[in-house]
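Residue 1088 in my numbering sits at position 331 of the sequence shown; the count goes up by one each step and never skips. For glycine and all other residues, C-beta sits at the position ideal for the given N, C-alpha and C. This report refers to the structure that appears directly beneath it.
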Amino acid sequence: MPKQNVRMTMVDFSNSFFHISDNNEDQNEIRKWELLLKKKFSLQQEGKKKWLLNRELQYEHFFPIEFMNDKQFVLNHIKKYGHGLRFAFVKLKQDKEFVLQVIQLNGLELSQSFFRKDKEMVLIATKKDGRPFVCASEELKNDKNFVLEAIRLNEKCLCYASQALKQDKEFVFEAIKQNRKALRWISVFGFASRELRNDREITLQAIKQDGSALIHASTELKGIKSVVLTAVNQIGWLLEYASAELKNDREFVLSAVRQTSSALRYADEMLKRDQEFVFEAVKQNSDAFEYASQELFNDKEFLLKLAKLGCRNVVICIPKDREFVLRIVKLNGLCCWIIWLIIPQ
């Protein structure tokens, strides 16, 4: 670092007219200047303290003029209180680099900037939270390709697309292809929402991509066997979201159990108490037994049938009856590995 000359200016308040002496008048003059200097420093300190305190306050209607062009202040205010760009100078609202920092703190602040028509800025604002898409210009909200790109990043952007796009069945199809979670937002589409949300074709399209899309389907569609079966064949536990009627459909529940044993948990209670049905379910998936009715766990004859079928878990349900356990082991030797839970060594 190069050497720099430093200049210091020292002010002697006891100037040539007032040298220290026994003259009280001279001393009083010096004292006066000393007090004025202390007062000046004190006021400066108070001003600085007040300035620092004011920087931490929350402002609801305006920023003090000294902060309106202060980037760090505006960013801190938005970080702490969620808003403030509208109180800043226009120059800051036009500063793309600065606004980029702002929308990363709160995407909704995009509405107070000059970048509502900027595709890049809108996408950045909506990546974490779809709500800022409402701040996009009407032109962008009606741009099919751009809206689809936004939906790919955040499914909630579908809520804020133009009304024309939200009523366009082909567009909704494509939106669900881009992001299957978009199906959940169809319910907020206004007067056309019920029609779209109950559209079997749209829902099936989403479910074929990901069975869990059934969770967001309408109540009516959750009662249609072909729709729910498409989901259940992928993920058995989605039986939980089927209608009560389907949960009591023997063949339908068995299809779900084939996929995952836990599906039996969501079957109708009557089916879970039905020995014949549970027997068929265990045939499909031996682990399904643990989700049957507690009543069946105490039926020794039924447990023997299941052991013969190959269900090892029945040992856990048997009372500590040595003779009965031996009968189980004779039927299914694989039960030995958990006998220690029943009979002490």
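Query: Three-state class that DSSP yields for ILE972 in the structure shown; Result: helix
Query: Alpha-carbon to alpha-carbon, ALA882 and THR1017; Result: 40 Å
Query: Beta-carbon spacing of LEU940, ALA907 below 8 Å; Result: no
Query: Simplified DSSP state of GLN861, which is helix, strand or coil; Result: helix
Query: Burial state of LEU809, where buried means 16 or more other Cβ atoms lie within 10 Å; Result: exposed
Query: Inter-residue Cα distance where the pair is LYS1029 and GLN1051; Result: 9 Å
Query: PHE846: first and last residue of the uninterrupted alpha helix (DSSP H) it sits in; Result: Per DSSP, PHE846 belongs to no alpha helix (DSSP H) and is neither H nor E.
Query: Residues of its chain near ASP1044, where Cβ-Cβ distance is below 6 Å and the 5 sequence neighbours each way are ignored; Result: SER1018
Query: Through-space distance from LEU995 to LEU971, alpha-carbon basis; Result: 8 Å
Query: C-alpha distance - LYS805 paired with GLU813, whole-angstrom precision; Result: 13 Å
Query: Three-state class that DSSP yields for ILE981 in the structure shown; Result: coil
Query: Chain D within 8 Å of GLU817, Cβ atoms only; Result: No chain D appears in this structure, which consists of one protein chain only.
Query: Proximity winner among LYS885, PHE819, PHE846, ASN899, relative to LYS828 (alpha-carbon distances); Result: PHE846
Query: CB contact flag (ASN863, LYS848, <8 Å); Result: no
Query: Where MET825 falls: helix, strand or coil (DSSP); Result: coil
Query: Residue of GLU977, LYS965, ARG873 minimising C-alpha distance to ASN990; Result: LYS965
Query: Which listed residue (TRP790, ASN1005, LEU842) has its alpha carbon closest to that of TYR1023; Result: ASN1005
Query: Member of GLN1032, PHE1034, ASP967, LEU915 whose CA lies at the smallest distance from the CA of ASP886; Result: LEU915
Query: Classification of PHE890 by the beta-carbon crowding that lies within 10 angstroms, buried from 16 upward; Result: buried
Query: Inside the segment 979-1019 only - alpha helix (DSSP H) runs reaching at least 4 residues; Result: 982-989, 1001-1004, 1007-1016
Query: Distance CB(GLU1037)-CB(LEU1060) smaller than 8 Å; Result: no
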